[in-house]
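Protein chains in written order, with the numbering used here: chain U, 6 to 284; chain P, 76 to 323; chain G, 1195 to 1538.
Even for Gly, the Cβ is constructed at its ideal location relative to N, Cα and C.
Note that the structure is predicted; figures quoted are calculated from it, not measured.
Inspection log for the structure reproduced underneath, given as structure tokens.
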Amino acid sequence: MEKIAVRNSGYQISRGRISRVTLLTETERLFTIVLQNNETLDHDPGQFVEVSRFGVGEVPISICSSPTRRDAFELCIRAAGRVTAALHRLKPGDEVGIRGPFGVGFPMTPLAASDVLLIAGGLGIAPLRSLVHYIIDNRRDFGKVDILLGCRDPQSMLFSAELEFWRQRIDINFLCSVDSAAAEWEGNIGLITALIPGVNLDPFKTIAITCGPSVMYRFVIAELLKKGIPPAHIYLSLERHMKCGLGKCGHCQIENLYCCQDGPVFSYPQIKNIRGALE
Amino acid sequence: MSRPTVAFFELASCEGCQLQVANLGEELLAILDRIDLVEFRELLTERPDGPLDIAFVEGSVVNAECEARLHAIRQRSELLIAYGSCATIGGVNAMANGRPISEIQAEVYGDQAERFAAARVRPLHQLVPVDYFIHGCPIYPDELIKVLKAALAHLPYNIPDYAVCVECLLNENVCMYEKKVTCLGPVTRAGCNAWCINNGNVCYGCRGLVSNPNRAGAEAVLSRYHLDSRLIANKMLMYNGALEPTDE
Amino acid sequence: MSGVLLYKSELCGLIHFLVADQTVIAPVPLTHGQFKFAAVTTLEEIALDAIPTLLPPKKYFLPPQESLLQYDTTQGEKMQAEVAIEETVLFGLHTCDLAGIQCLDMVFADRPKDLHYMIRKQHFTLIGLECNDYCDSSANCAMLFNHLPKGGYDLFLTDLGDYYFVDINTHKGDLLVEKSGLFVPVTPAAQDNLQKLRQIKTKRFKSEIPIRYQDIKPLFEASFESNVWTDIGAKCLACGNCTNACPTCYCFDIVDEPEFDLTRGKRLRIWDSCQHENFARIAGGENFRKERGDRQRHRYNRKFHYPMERYKQIFCTGCGRCSRTCMARIDLKETFNALIEECR
Ligand SMILES: Cc1cc2nc3c(=O)[nH]c(=O)nc-3n(C[C@H](O)[C@H](O)[C@H](O)COP(=O)(O)OP(=O)(O)OC[C@H]3O[C@@H](n4cnc5c(N)ncnc54)[C@H](O)[C@@H]3O)c2cc1C
Ligand code: SF4
Ligand code: SF4
Ligand code: SF4
Ligand code: SF4
Ligand code: SF4
Ligand code: FES
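Structure (structure tokens):
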């Protein structure tokens, strides 16, 4: 057997150097990464990359920074297992392998000029943060912007300093709710779905995007439909086991759709009748 | 990189697994290059008592003496690797668990039984935290190497959770069921590269069951081939007699 | 398309000619009426009467384990993408297996392309061999028209008694015919005999399952919630043999294999199976195809339904391997019959 080099292999990585590691919570860290060799990551909010360390393995992670900030990009990583725990051990100056960006991100073209309603649950704030930063950097292009965030408790809230900044801006309506909290918590307590009825919106001008654990989706969608938002104006991001990111390995398949290439962001009508998409 | 200190210990076992290590050949030299081997009965005789980075423990816990030794090893070592089915699932020793201990003692030691204390046979993880498991009776050398690499890199090792049949077909063996012979491959977790079938034997299930075996399905297979389903129950017990409902 | 003839007395010479400068792979016998593809050097080793081999020829196109990247982390995450190649002739491929290779070709050529696969496959020469009769009763090739040649080969041999009718499908095949000097021109009688065989075959090979090609996809659309999947799930041991044996299954995993120094190693692609318990489980613990029945339904839909939408093709070749290999006797034809029965 002769080994020959493959140029432009779909599996080859770009080298990314970690320039900063920020502790967000006990289990989540924010990594700022600069691609080497003058490469840039030209992504859409909602897309993901495959991040790896040789000898450890590769995992799909949403890009949580905006493409408008071009020198570096950010990944918010939860230590969930083998690879992610190993990534948590890395320090500034260490390198990671990057493949991508992959998949279909948020619908950036129809979003411009629309009112935007973003609904994030838990770690779902990571991909949505990319969009929020993009909106902030291009605020004039968008209509009214509402952001609803739900999480388990105040301790597990990601990006809390940034959220404060969003809350204070006059051009964003930011609301947040936790499932449970100690007495000193001043914000809302309860499920995120309870916040939706109170949002003041024009259903035909609004595009709603939701991102979070799959159990949340059915309830969020029901509330959005109650508000009169047309189904085609509702988008969501699905998480599946992923390996290749190239529509080949089969892990991410939902019926005929490959979540890595056809998604991870889908419009509601696209997956409404796909059994196994919304559990 | 400083070389981690590594030691091999045995509790109640046949030391067959240590022999597998001793027989590694060229790979063993590569391993010895990376580690500082301080205790190993098959190769070395010195027995220092200092702290260890990695302790490999073979054999199951069958009495208070074993138990005390295991706790002492755990105390000394940063990482503990259970290797061989006796250590990981109780293995052949645990066949004894199917019967009252006194009865077995009487059978083995006759009227001397009183002098040999014995308790329920237990795999290591039922007594101390175990960092890595290397299943098999004996262990499959390639897997030992994989686990050692994982331990040296401080990474978890994922034991395959699919059937031996997968590896068996990759080796293009004619299936034992085709030959009308019972084989535990379909319910046994892979990782041994279907070692036994490659060598003309059936799979005895020495690596333990996959995490969610289809028992009813397996019995149906046996009855379809006119094989006795008590046979499979017995065979499963041969290595899996120490499993508790909470074990994987 | 043009044809030539190869007298059987020359077949030995052909193998001899082929092994001179490349590896020759052909079916060889095992025990219990089973076969596998393996490297051969003489005609005697080859089973010309082989039924579909335990593993399909995909093991050469998409090896069970192959290195995608070599890495070296002594100075950062350095790597080199690579593919192992070898000039190889695959000899004695039945029409079902040729169809299987065509399916894989489609998948890996689809964007984003898999260059590892695409580069490797260019180093193969494919020589087909027609089945004059059924291999055994597990086959369902006629239902999918895969009992007849539909391209995908360089040369294709049909046994017509004293000689093989050889269809030359590519320039590569033509060069081989020319260089070997073993083939003779076609005669009208040979043309005639080929027609006759094909006529006989239309009688011998009848759709094995009472369903028309165009009704297959609708059948699977209609039976997503069928009890048949639960029934199969109760029998299935989730061993994954049906997918590993299938010529058109290509699910894989990617894992790193470090050397002992832990700085160098390979990123490997290894076969995986949608039948395995953890195949679709994500970090939160959620498993999107938790039940064995869900996973079997997925396998069947990946043969008869989803590829129809994506590639306008059914991804079953009719080789019968899944039925032959399954010790739980989950049989493709029986599954179809149960589904058809239920939809009546
Ligand atoms: C499109 C997408 C975007 C994601 N974005 C983020 C993000 O921004 N931040 C973040 O922290 N996490 C994100 N994840 C989840 C992250 O990929 C998983 O947590 C990670 O793959 C777990 O790998 P591990 O090796 O650490 O865990 P393991 O030890 O391998 O496994 C833990 C569990 O995770 C499952 N798992 C293993 N590999 C994968 C995989 N490739 N995909 C999904 N599940 C897997 C296993 O079945 C197991 O149940 C995203 C996943 C997807 C699909
Ligand atoms: S011989 Fe055993 S391990 Fe191999 S396929 Fe048959 S049942 Fe499975
Ligand atoms: S084939 Fe079965 S008995 Fe043999 S080593 Fe593997 S698991 Fe053990
Ligand atoms: S070969 Fe049979 S038992 Fe094994 S996974 Fe396939 S259908 Fe299930
Ligand atoms: S599904 Fe079965 S019959 Fe069809 S190609 Fe695959 S193995 Fe052959
Ligand atoms: S399935 Fe059909 S084409 Fe394939 S070997 Fe059998 S008879 Fe030949
Ligand atoms: S991740 Fe491999 S197909 Fe989607």
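Ignore the nearest five residues each way along the sequence and tell me which others in PHE1418 of chain G's own chain have a CB closer than 6 Å to its CB.
-> none
Verify the CB distance criterion: does LYS96 of chain U have a CB-CB separation below 7 Å to chain G?
-> no
Measuring alpha carbon to alpha carbon, tell me which of G:HIS1210, G:THR1267 and G:GLY1227 ends up nearest GLY1459 of chain G.
-> G:THR1267
Answer yes or no: does any C-beta atom of chain P fall closer than 7 Å to that of ARG34 of chain U?
-> no
Chain-ordered neighbours of GLU253 of chain P on chain G, where CB pairs are closer than 8 Å = HIS1226 and GLN1228
Span of the alpha helix (DSSP H), counted from its first residue to its last, around SER1261 of chain G | Run containing SER1261 of chain G: none in the alpha helix (DSSP H); it sits in the beta strand (DSSP E), 1259-1266.
Which ranges does the alpha helix (DSSP H) cover as unbroken runs of at least 4 residues, wholly within the segment 255-281 of chain U, from first to last along the chain?
-> 264-267 and 273-277
Within 10 angstroms of its Cβ, does ALA162 of chain P collect 16 or more other Cβ (buried), or is it exposed?
-> buried
Look at LEU1224 of chain G and VAL249 of chain P and say whether their C-beta atoms are less than 7 Å apart.
-> yes
Does the beta carbon of GLU55 of chain U fall short of 6 Å from some heavy atom of ligand 1?
-> no
Using DSSP bridges, identify the partner residues of GLY1570 of chain G.
-> No statement about residue 1570 of chain G is possible, as the shown extent of chain G runs from 1195 to 1538 and does not include it.
Taking only heavy atoms of ligand 3 into account, decide whether any of them is closer than 6 Å to the Cβ of CYS281 of chain P.
-> yes
Outcome for VAL256 of chain P when other beta-carbon atoms lying within 10 angstroms are tallied against a minimum of 16 = exposed
For ligand 5, is there a heavy atom less than 6 Å away from the beta-carbon of GLY1346 of chain G?
-> no
Within the same chain, show all residues whose beta-carbon is closer than 6 Å to that of GLN1393 of chain G, passing over the 5 residues directly before and after it, in chain order.
-> none
Go through its chain and collect everything with a Cβ distance to PRO65 of chain U's Cβ below 7 Å, but skip five positions before and after it.
-> PHE53, GLU55, MET247 and GLY250
Looking only at C-alpha atoms, which of U:SER185, U:ASN193, U:GLU189 and U:LYS96 sits nearest to PHE179 of chain U?
-> U:ASN193
In chain U, which residues lie less than 7 Å from GLY1478 of chain G when you measure between Cβ atoms?
-> PRO218
By the criterion of Cβ-Cβ separation under 9 Å, what are the contact partners of GLN160 of chain U in chain G?
-> The contacting residues do not exist; GLN160 of chain U stays about 19 Å from chain G at best.
Do you know offhand how far MET1312 of chain G's Cα is from HIS1365 of chain G's?
-> 19 Å
Residues of the segment 1294-1305 of chain G whose Cβ lies closer than 8 Å to any Cβ of chain U, in chain order = VAL1301, PHE1302 and ASP1304
Can you give the beta carbon distance from THR1519 of chain G to LEU244 of chain P, rounded, assuming they're within the 8 Å contact cut?
-> 7 Å
Give, in chain order, every unbroken run of the beta strand (DSSP E) that is at least 3 residues long and sits entirely within the segment 112-158 of chain U.
-> 120-126 and 150-156
According to DSSP, residues forming a beta bridge with GLY275 of chain P = Answer is none; GLY275 of chain P lacks a bridge partner.
Within chain G, the residues that SER14 of chain U reaches when beta carbons sit closer than 8 Å | LEU1262, LEU1263, ALA1275, LEU1309 and HIS1310
Nearest-angstrom Cα separation, counted from ASN1363 of chain G out to ALA1532 of chain G | 40 Å
Chain P partners of LEU1249 of chain G, CB-CB under 8 Å?
-> LEU244, LEU245 and GLU247
From the DSSP output, which residues share a beta bridge with MET1274 of chain G?
-> Sequence inspection shows Gln at residue 1274 of chain G; the Met mentioned does not correspond to that position. Answer by DSSP bridge pairing, in chain order: G:GLN1264.
Using the beta-carbon of each residue, find all residues closer than 7 Å to any heavy atom of ligand 2 and list them in chain order.
-> P:ALA238, P:VAL239, P:CYS240, P:CYS243, P:LEU244, P:ASN248, P:CYS250, P:MET251, P:TYR252, P:CYS258, P:GLY260, P:PRO261, P:ALA269, P:ILE272, P:VAL277, P:CYS278, G:CYS1433, G:ASN1435 and G:MET1521
So what does DSSP say about PRO1450 of chain G, is it helix, strand or coil?
-> As written in the sequence, residue 1450 of chain G is Asp, which differs from the Pro given in the question. Note: ASP1450 of chain G maps to strand in three-state DSSP.
Closer than 7 Å, Cβ to Cβ, to anything on chain P: give me those residues from the segment 80-94 of chain U, in chain order.
-> ARG87 and ALA91
Per-residue burial, CYS1206 of chain G [other beta carbons within 10 Å of its own, 16 or more giving buried] | exposed
Option nearest GLU191 of chain U by Cα separation, candidates U:ILE130, U:PRO159, U:ILE23 and U:TYR240 = U:PRO159
Contacts of ALA77 of chain U in chain G (Cβ-Cβ under 8 Å) | Within 8 Å Cβ-Cβ: nothing; ALA77 of chain U doesn't reach chain G, min ~17 Å.
Contacts that VAL56 of chain U makes with chain P (C-beta to C-beta distance below 8 Å) = Under the 8 Å cutoff, chain P gives no residues; its nearest Cβ is about 16 Å from VAL56 of chain U.
DSSP state of VAL81 of chain P, grouped into three classes?
-> strand
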